[in-house]
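Let me begin by presenting the structure, written as structure tokens, before commenting on it.
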Amino acid sequence: MLDDIVRGYAVRVAETARSNGHLATVHSELATVQSALMTSDSLRLALTDPAIATIERRAIVADLLADRALTETADLVGFVVRVVRAGEVPVTISEVELLLGFALGAGDAFIDDDAPAGRTGARARIRGYAERVFQELEEARELDEVEDELFRFARVLEDNPALRQVLEDTNLSREARIGVLEDLLGSRVRRSTLRLCSYVLRAGRLRNLIGVFDWLVDLVAEERGRRVAEVRSAVALSEEEQRRLGASLSRLVGRTVEVRVIIDESVIGGVLISTGDLFIDGTVRLRFERLRDVFAQQV
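Following my numbering, the numbering of the sequence shown begins with 232 at its first residue and continues without gaps.
Listed below in structure tokens is the structure:
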């Protein structure tokens, strides 16, 4: 069964690709990637070997699909490589392809209610869906607005037990509950916020909606951390170097990354990069430490 966090992410990609007229192409490109994994031993080994760092496997995907596939396809494959165990990458890509094929056949009727999820699975789906929604935001200030709207809606739920009871009532159809939500929020919040709120009701069986929306606010804070790359260097980087570094990191993590350079003489040479859960040590200091360890083993 498709991993829930991947399912949530893929559902949002499918929605966006369909609205852009790209869904058939993304589905076809995923089939091509799957075929390549089946026929190319070297590619399959590169993406499924747990001894190869996740960041390196993601870089392979970025290089492989750059200028050869749509952004949606590259982002989907990169997300799979990042969140599932290495050995599960081929089967997960196959399952995502099946999901998108179903979405393609269902057209606007696609809702993804084929696999019910419990509390844990529902939260994982929401996390995946939210990550893709966040990636689609172009500016950091949009994150601030989404965070504020989610927080305020959580307080509305807190102050209105009757509304909360309606939205949590699984005896009502999901369509009816989403209709109530859209009537309430449709003209008052950003489309991204409304999508997130609606998907909360679509993702599975959830209780304590206030807690879910407060948790979503925390996810926005996590996303803000992924948008900034702290780069430590012994010397200042030129604007062109910062631009190229930012572009490379953006391709790697699937979102626009702002580079902030910190002068740190202890680095000696090279750079030390951290952004969200990504950490890259390309410093001379690291090389010295590795050499020291080698010498220590030989003494």
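A virtual CB, placed ideally from N, CA and C, is assigned to each residue, including glycine. This one's a predicted model, so the numbers in the text were calculated from it and none came from an experiment.
ARG288 counts as buried, since no fewer than 16 other beta carbons sit within 10 angstroms of its beta carbon. For VAL308, the CB contacts under 7 Å within the same chain, skipping 5 residues up- and downstream, are VAL264, VAL292, LEU296 and ILE324 in chain order. Residue state for THR506 is assigned as strand, using DSSP reduced to three classes. Counting of Cβ neighbours within 10 angstroms places ASP414 among the exposed residues, the total staying below 16. By the Cβ rule, the stretch 350–367 counts as touching the stretch 437–454, because three or more pairs are nearer than 8 Å. Residue burial annotation: SER423 is buried, with at least 16 other C-beta atoms found within 10 angstroms of its C-beta. Only buried fits SER464, as 16 or more other CB atoms lie within 10 angstroms of its CB. A Cβ-Cβ separation of about 5 Å places ALA241 in contact with VAL327 under the 8 Å criterion.
In this structure, the straight-line span from the alpha carbon of SER418 to that of GLY410 is close to 13 Å. Take the alpha-carbon of ARG356 and the one of ARG249: they are about 19 Å apart. Only buried fits ARG354, as 16 or more other CB atoms lie within 10 angstroms of its CB.
Excluding residues up to 5 positions away in sequence, SER481 lie with their Cβ nearer than 6 Å to the Cβ of THR487 in the same chain.
If you look at ILE493, you'll find it in the beta strand (DSSP E) that goes 489–494. Assignment of GLU461 by DSSP, reduced to helix, strand and coil, places it in the strand class. Here ARG426 is not near GLU376, since their CB atoms are 8 Å or more apart.
At a Cβ-Cβ threshold of 8 Å, VAL490 and ALA467 do not count as neighbours.
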